[in-house]
Amino acid sequence: MELLHVKIPSWGDLQWWLPEAVLCCTFLLALLGDMLARGRRPVVAFAISVAGLLAAGALAIADTHAVAPAGGRAIMGDLMVVDGMAIFFRLLFVFGGLATVLFAWTSEEIMGHRRENKGEFFALTVLMTVAMMVMAEARNVLMLYLAMEGVGLTSYVMAGYMRTSLRSTEASLKYVIFGAVSSAIMLYGLSLLYGMTGSLQFSGIRAVLLGGGAEPFGILVAVVLILAGMSYKIAAVPFHFWCPDVYEGAPTPVAALFSVGPKAAGFALMIRFFYTTFAVGTNAAASNSLIQVINWPLLVSVISAVTMTFGNLVALRQTNVKRMLAYSSIAHVGYLLMGFVLLSEMGLAAILFYLLVYTLMNLGAFFFVVAVNNHLKSEQLEDYKGLGYRMPWAGVMMVVFLGSLTGVPPFAGFVGKLYLFTAVMDRQWFWLVIIAGLNSVISLYYYFRVARVMWLVRPDEGHDSPLRLSWLQYTVLACLAVPTLVLGLYFGAFKDLADAGIRTMAGG
Amino acid sequence: MNLPHFLGVVSGVQGQGVQGHFATALIFVLVGIAFAALALGVAKLLRPSNPSAAKSTTYECGEVAHGSSWIRFNVRFYLVALFFIVFDVEMIFLLPWAVVFRQLFPVPGLGALVFWDMIIFLAILGLGLAYVWAKGDLDWVKKLAERSGPVATGITEEEEVPAP
Numbered sequence: 001m002e003l004l005h006v007k008i009p010s011w012g013d014l015q016w017w018l019p020e021a022v023l024c025c026t027f028l029l030a031l032l033g034d035m036l037a038r039g040r041r042p043v044v045a046f047a048i049s050v051a052g053l054l055a056a057g058a059l060a061i062a063d064t065h066a067v068a069p070a071g072g073r074a075i076m077g078d079l080m081v082v083d084g085m086a087i088f089f090r091l092l093f094v095f096g097g098l099a100t101v102l103f104a105w106t107s108e109e110i111m112g113h114r115r116e117n118k119g120e121f122f123a124l125t126v127l128m129t130v131a132m133m134v135m136a137e138a139r140n141v142l143m144l145y146l147a148m149e150g151v152g153l154t155s156y157v158m159a160g161y162m163r164t165s166l167r168s169t170e171a172s173l174k175y176v177i178f179g180a181v182s183s184a185i186m187l188y189g190l191s192l193l194y195g196m197t198g199s200l201q202f203s204g205i206r207a208v209l210l211g212g213g214a215e216p217f218g219i220l221v222a223v224v225l226i227l228a229g230m231s232y233k234i235a236a237v238p239f240h241f242w243c244p245d246v247y248e249g250a251p252t253p254v255a256a257l258f259s260v261g262p263k264a265a266g267f268a269l270m271i272r273f274f275y276t277t278f279a280v281g282t283n284a285a286a287s288n289s290l291i292q293v294i295n296w297p298l299l300v301s302v303i304s305a306v307t308m309t310f311g312n313l314v315a316l317r318q319t320n321v322k323r324m325l326a327y328s329s330i331a332h333v334g335y336l337l338m339g340f341v342l343l344s345e346m347g348l349a350a351i352l353f354y355l356l357v358y359t360l361m362n363l364g365a366f367f368f369v370v371a372v373n374n375h376l377k378s379e380q381l382e383d384y385k386g387l388g389y390r391m392p393w394a395g396v397m398m399v400v401f402l403g404s405l406t407g408v409p410p411f412a413g414f415v416g417k418l419y420l421f422t423a424v425m426d427r428q429w430f431w432l433v434i435i436a437g438l439n440s441v442i443s444l445y446y447y448f449r450v451a452r453v454m455w456l457v458r459p460d461e462g463h464d465s466p467l468r469l470s471w472l473q474y475t476v477l478a479c480l481a482v483p484t485l486v487l488g489l490y491f492g493a494f495k496d497l498a499d500a501g502i503r504t505m506a507g508g
Numbered sequence: 509m510n511l512p513h514f515l516g517v518v519s520g521v522q523g524q525g526v527q528g529h530f531a532t533a534l535i536f537v538l539v540g541i542a543f544a545a546l547a548l549g550v551a552k553l554l555r556p557s558n559p560s561a562a563k564s565t566t567y568e569c570g571e572v573a574h575g576s577s578w579i580r581f582n583v584r585f586y587l588v589a590l591f592f593i594v595f596d597v598e599m600i601f602l603l604p605w606a607v608v609f610r611q612l613f614p615v616p617g618l619g620a621l622v623f624w625d626m627i628i629f630l631a632i633l634g635l636g637l638a639y640v641w642a643k644g645d646l647d648w649v650k651k652l653a654e655r656s657g658p659v660a661t662g663i664t665e666e667e668e669v670p671a672p
C-alpha cells in the first residue's frame, strides 16, 4: 500500500540510524534530568550528555564496518541516506560535540555563578549535534531544510546563552535575523527548483534536469538563490557579516562549536546537494547540466578567492583574539571552497579531510581562549603577554594549533591545504592557487603575532603568576593537539576515510 | 531565456506535466489582485470624497484614542503565543492522522508504526510542557525571589569588555 506515492519508513530503518536515535533520546533525557534536578545540578544533564555522545560515537564507529551498499543505504522513506560521507560527518560531529560539552564544563562563561539553565546548555549541544548529522544525511529538500533549521534554532538559543550580557543577547538577535533571511532566500530557490522539476528528492531533481525538462534561466535563478542561502550558513563573503559579531558575543565554547560544527554541516549539505543533483557521475552529459547555465567554476573560485583574502586582511587588524579567530574562520571557508570549484571527487574528498583537520585545530585555538578567559576575563591580545611562561603546556599546544591554522609543514593544516591546492591545480587553476598561497603568507603574520606575544614577550611585573588549568582542560586540549601533530605526519587512514566517503556518495 | 517565458513555464501556462499544477496557484494570485483592485477601484469611482481631520483619526471602538500604540509589550504575551502555536501545530498534525488512522491501523506492519509515531510525538510535546511548567514559565507572575544571585535584575553591562 503506497499512500500518495510516499515510501513509508519502517522501524527497521532505525538500526542504521542508531547514533542519531541515541542522541535524540539523550537530549530528552538530559532535559528530563535537568528538570528533576530542578535546574540546580547541571552535572546531571552534563553526565547524561557525555554518556549519550560517547554511546553515539561508539555506535558510529561500529557502523563504519557495516558494509553499506554502493551509493549508501536510503532510510526513513528515502529522506536520508547513510553512506560513507554520512558516517564520516557523524564521527566528526560527535567528536566536536563531545569536546565542546567537556570544555564548556570548565568554562567560566558557561558555568559561572551568574548563569542559569546550565543543564540546558548541554542538552542543546546534543540537539545541535543530531541536527548537524541529519544535515549531512539529508537527500530530500524538505529534510535538508528541516535539519538546517534544527541547527539554526539551537544555535540562536546558544548564542544568547549569557542572558545577562548585552553582547551575547545582541549576537543572538543578529544571528536570528541573518539566519531567517538566509533561510528565506534558500527556500525561495528550493521552491523554484521544485516548481520546475516536481520532485523533492535530489535524485528526482537530477533526473528531470538530465532529461532537459527545466528552463536554463530558471535553474540559474534557483542555483544562485540556494548558493546564497548556503553561503550565509558557512559565512562566505559577501554573506559573512553576522560571523564576527556572533562569535564575539556568544560564549567562547559556543563560538568554538559554531566555527566548526555548522560550517562543516553546511559544507556536507552543499557537497551532497550540488554534487548529487548537478554533477554526479563525472561523465560530460551529467556534469554539463549545471555548467550549461552557469559558469560554476568561475563563480565559486571568485567567491573562494574573495572570501579568503577578505578574511585574512581583516584578521590582520584585530586586537581581540576571539574576533581574529572569527575572521580567520572566514578565511578558512575560502580555502575550503577551493575544493568545491570543480565539483570533482578529488576536490570534495580534500574538503572532507580539511574539515577534519580544521575541526581539530580551530576547536583547540578557541578552547585555549576559553582557558585564558577563565583566568584573565579578557580576550585582548595585549593581555596575552608572556602567557607561554604562565601556562607553558597549554601555550605549547596553542602554538601547535596556530601553526596548523597557518599551514606550516609539520602540522596537519599543511597536509589539508596541500590536498585542497592539488585538487585545483589538477585542472590548471593556477591563479587561485597563487592567491591561496599569498593568503597563507598573510595569515602567518597574524597567527604568529599571537605566538610572539605569548612566548617572546615577558609578562609584566605583578602579572606573572602561573595560571592553572584543570586536568579536564589539559585532556581535551591534548586530544586536539596530538591528532593535529599526528595527522601532519600520518594521514593515510583518515584520507582514505574521506575518499571512501565521497566515493560511496558519488556512487548513488 | 527571457523572464516572461520563464514565468510562463513555472506557472504551467506554457509546458505540461507537473508544472501544470501551478497554473491554479497563478490564477488564484491573479484573481486575488484583480478582486482587490476592482473593489477598491469601483468604490473610488462611486463614493463621494470628503476627507476631514476627524475622519482620519484612528478608530478605537468609538473611544478617543490616546497615546501611541508603539509601546513595549510584556514578553509574557509572546511566551503565551508560543505555547499556543506549539499546541496548535499539534492539533494540525493530529487531525489528518486521526482521519487516516482507521484505514491504516489494520494494515499489518503499519498499524504499530502509525500508532507509536504519534505517541512519541505527543510524549515529546508533553515533556516540553512539563519542562516549561517546572521552570515556572507558565506562571503569569514569575517568582523572582526564588532565583538566586543577581540574575533576576535582567540585562546589565556587567562583565562587558569595551568593544574595539
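Quick mapping for you: the protein sequence lines, in order, are chains A and B. If you count by my numbering, then the first sequence holds residues 1 to 508, one letter each, in order. If you count by my numbering, then the second sequence holds residues 509 to 672, one letter each, in order. Every residue, glycine too, gets a C-beta built ideally from N, C-alpha and C.
Any C-beta of chain A sitting closer than 9 Å to the C-beta of B/Ala-547? If you number the second sequence from 1, residue 547 of chain B lands on position 39. Look at B/Ala-547: its C-beta is not under 9 Å from any C-beta on chain A.
For chain A, find out if any of its Cβ atoms is closer than 9 Å to the Cβ of B/Phe-623; answer yes or no. Against the second sequence, residue 623 of chain B aligns to sequence position 115. No, B/Phe-623 does not count as interfacial toward chain A.
Determine the DSSP secondary structure at A/Ala-81, reduced to helix, strand or coil. Here residue 81 of chain A refers to the residue found at position 81 of the first sequence. Going by the sequence as given, residue 81 of chain A is Val instead of Ala. Look at A/Val-81 here: in three-state DSSP terms it is strand.
Consider the Cβ of A/Asn-117: report whether some Cβ of chain B lies at a distance smaller than 9 Å. For this step, residue 117 of chain A is matched to residue 117 along the first sequence. Yes, because at least one Cβ of chain B sits closer than 9 Å to the Cβ of A/Asn-117.
With 16 as the cutoff for other CB atoms within 10 Å, does B/Arg-555 come out buried or exposed? One-based indexing of the second sequence puts residue 555 of chain B at position 47. By the 10 Å Cβ count, B/Arg-555 comes out exposed.
Spell out whether any CB of chain B is found under 9 Å from the CB atom of A/Met-76. For the purposes of this step, residue 76 of chain A is taken as residue 76 along the first sequence, with counting starting at 1. No, because no Cβ of chain B sits closer than 9 Å to the Cβ of A/Met-76.
Distance, A/Arg-90 Cα to B/Leu-590 Cα: As a working note, residue 590 of chain B is residue 82 in the second sequence. As a working note, residue 90 of chain A is residue 90 in the first sequence. So the alpha carbons of these two residues sit roughly 32 Å apart.
Write down every uninterrupted run of the alpha helix (DSSP H) in the stretch 327 to 413 of chain A whose length is 4 residues or greater and which is fully enclosed by it, in chain order. If we require 4 residues or more, the alpha helix (DSSP H) runs fully inside the stretch 327 to 413 of chain A come out as 345 to 376, 387 to 390 and 392 to 406.
Cutting at 8 Å between CB atoms, please list the residues of its own chain near A/Leu-36, excluding the five before and the five after it. Reading the first sequence from its first residue, position 36 is the one you call residue 36 of chain A. Excluding five sequence positions before and after A/Leu-36, the CB atoms of its chain that fall closer than 8 Å to its own CB belong to Val-44, given in chain order.
Give me the residue from B/Val-608, B/Asp-625 and B/Ala-545 with the minimum Cα distance to A/Trp-519. No information on residue 519 of chain A is available, as it lies outside the stretch 1 to 508 that chain A covers here.
When the Cα atoms are used, what is the spatial distance from A/Ala-506 to A/Ala-349? Numbered from 1 along the first sequence, position 506 holds the residue referred to as residue 506 of chain A. Numbered from 1 along the first sequence, position 349 holds the residue referred to as residue 349 of chain A. About 11 Å.
Tell me the residue span of the alpha helix (DSSP H) that contains B/Ala-561. As a first step, residue 561 of chain B must be located in the second sequence, where it is residue number 53. Careful: B/Ala-561 lies outside any alpha helix (DSSP H) and carries neither H nor E.
Can you list the residues of chain B that A/Met-35 reaches, using a CB-CB cut of under 8 Å? The sequence position of residue 35 of chain A within the first sequence is 35, counting from 1. The contacting residues are Ala-638, Tyr-639, Ala-642 and Lys-643.
Quick one, which residues of the stretch 309 to 326 of chain A are near chain B if we go by CB-CB under 8 Å, in chain order? Those would be Gln-318, Thr-319, Asn-320 and Arg-323, in chain order.
Nearest-angstrom Cα separation, counted from A/Ala-99 out to A/His-375: If you number the first sequence from 1, residue 375 of chain A lands on position 375. If you number the first sequence from 1, residue 99 of chain A lands on position 99. Their Cα atoms are separated by approximately 20 Å.
Using beta-carbon positions only, say whether A/Met-128 and A/Ser-155 come within less than 9 Å of one another. Within the first sequence, numbered from 1, the residue matching residue 128 of chain A stands at position 128. Within the first sequence, numbered from 1, the residue matching residue 155 of chain A stands at position 155. Yes, the pair counts as a contact, with Cβ atoms nearer than the cut-off.
Report all residues from its chain with a CB closer than 7 Å to the CB of B/Leu-618; omit the five preceding and five following residues, and keep chain order. If you number the second sequence from 1, residue 618 of chain B lands on position 110. Short of 7 Å from the beta carbon of B/Leu-618, and not among the five residues preceding or following it, lie these beta carbons of its own chain, in chain order: Leu-612.
8 Å Cβ shell around A/Arg-139 - same chain, five flanking residues per side excluded: As a working note, residue 139 of chain A is residue 139 in the first sequence. The residues are Ala-74, Asp-78, Leu-79, Met-80, Val-81, Gln-201, Phe-202, Ser-203, Arg-272 and Thr-276.
Contacting positions in the stretch 529 to 542 of chain B - beta carbon closer than 7 Å to chain A: So the list reads Phe-530, given in the order they occur along the chain.
Taking Cβ to Cβ, would you say A/Gly-229 is nearer than 9 Å to A/Gly-189? As a working note, residue 229 of chain A is residue 229 in the first sequence. As a working note, residue 189 of chain A is residue 189 in the first sequence. In this structure, A/Gly-189 lies closer than 9 Å to A/Gly-229 by Cβ.
At a Cβ threshold of 9 Å, is A/Trp-11 touching chain B? Numbered from 1 along the first sequence, position 11 holds the residue referred to as residue 11 of chain A. Yes - at least one Cβ of chain B is within 9 Å of the one on A/Trp-11.
From A/Glu-382, A/Ser-304, A/Phe-340 and A/Ala-51, residue whose alpha carbon lies closest to that of A/Ala-517: No answer is possible for residue 517 of chain A: the residues shown for chain A start at 1 and end at 508.
Terminal residues of the continuous beta strand (DSSP E) containing A/Ala-74? Your numbering for residue 74 of chain A matches position 74 in the first sequence. Unbroken beta strand (DSSP E) run through A/Ala-74: 73 to 75.
Tell me the residue span of the alpha helix (DSSP H) that contains A/Leu-193. Numbered from its first residue, the first sequence carries residue 193 of chain A at position 193. Run containing A/Leu-193: 166 to 197, per the alpha helix (DSSP H) assignment.
Can A/Glu-109 and A/Pro-253 be called in contact, C-beta distance under 9 Å? In the first sequence, counting from the first residue as 1, residue 109 of chain A sits at position 109. In the first sequence, counting from the first residue as 1, residue 253 of chain A sits at position 253. Cβ distance < 9 Å, so A/Glu-109 and A/Pro-253 count as in contact.
Residues, ordered as in the chain, of the stretch 582 to 598 of chain B that lie near chain A by beta-carbon distance below 9 Å: Those would be none; no residue qualifies.
Spell out whether any CB of chain D is found under 9 Å from the CB atom of B/Ala-606. In the displayed structure, chain D is absent; the protein chains listed are A and B.
Using only CA atoms, which one of A/Leu-299, A/Leu-363, A/Val-223 and A/His-113 lies nearest to A/Ser-329? Looking up residue 329 of chain A in the first sequence gives position 329. Closest by alpha carbon: A/Leu-363.
As assigned by DSSP and simplified to three states, the class of B/Glu-568: Residue numbering aside, residue 568 of chain B sits at position 60 when the second sequence is read from its first letter. Residue state, collapsed to three classes: strand.
CA nearest to the CA of A/Val-457, picked from A/Ala-365, A/Met-158 and A/Tyr-389: Start at 1 with the first residue of the first sequence, and residue 457 of chain A comes out as number 457. Selected option, being the one with the closest Cα: A/Tyr-389.
Pairs of beta-carbons, one from the stretch 178 to 186 of chain A and one from the stretch 222 to 236 of chain A, closer than 8 Å: are there three or more? Yes: at least three Cβ pairs fall under 8 Å.
For a contact defined as C-beta to C-beta under 8 Å, what are the partners of B/Ile-632 on chain A? As a first step, residue 632 of chain B is located in the second sequence; it is residue number 124 there, counting from the start. Going along chain A in sequence order, the residues near B/Ile-632 (Cβ under 8 Å) are Leu-28.
From A/Val-151, A/Ala-493, A/Met-143 and A/Ala-436, pick the residue whose C-alpha is nearest to that of A/Thr-309; which is it? Against the first sequence, residue 309 of chain A aligns to sequence position 309. Per the Cα distances, A/Ala-436.
Would you check if the stretch 317 to 336 of chain A and the stretch 403 to 422 of chain A touch, i.e. whether three or more CB-CB distances between them fall below 8 Å? For the pair of segments examined, the stretch 403 to 422 of chain A was found to touch the stretch 317 to 336 of chain A: the number of CB pairs separated by less than 8 Å reaches three.
Would you list the one or two residues that DSSP bridges to A/Gln-201? Here residue 201 of chain A is taken as the residue at index 201 of the first sequence, counted from 1. Answer by DSSP bridge pairing, in chain order: A/Asn-140.
Does the stretch 308 to 325 of chain A touch the stretch 431 to 449 of chain A, meaning 3 or more C-beta pairs lie closer than 8 Å? Yes: at least three Cβ pairs fall under 8 Å.
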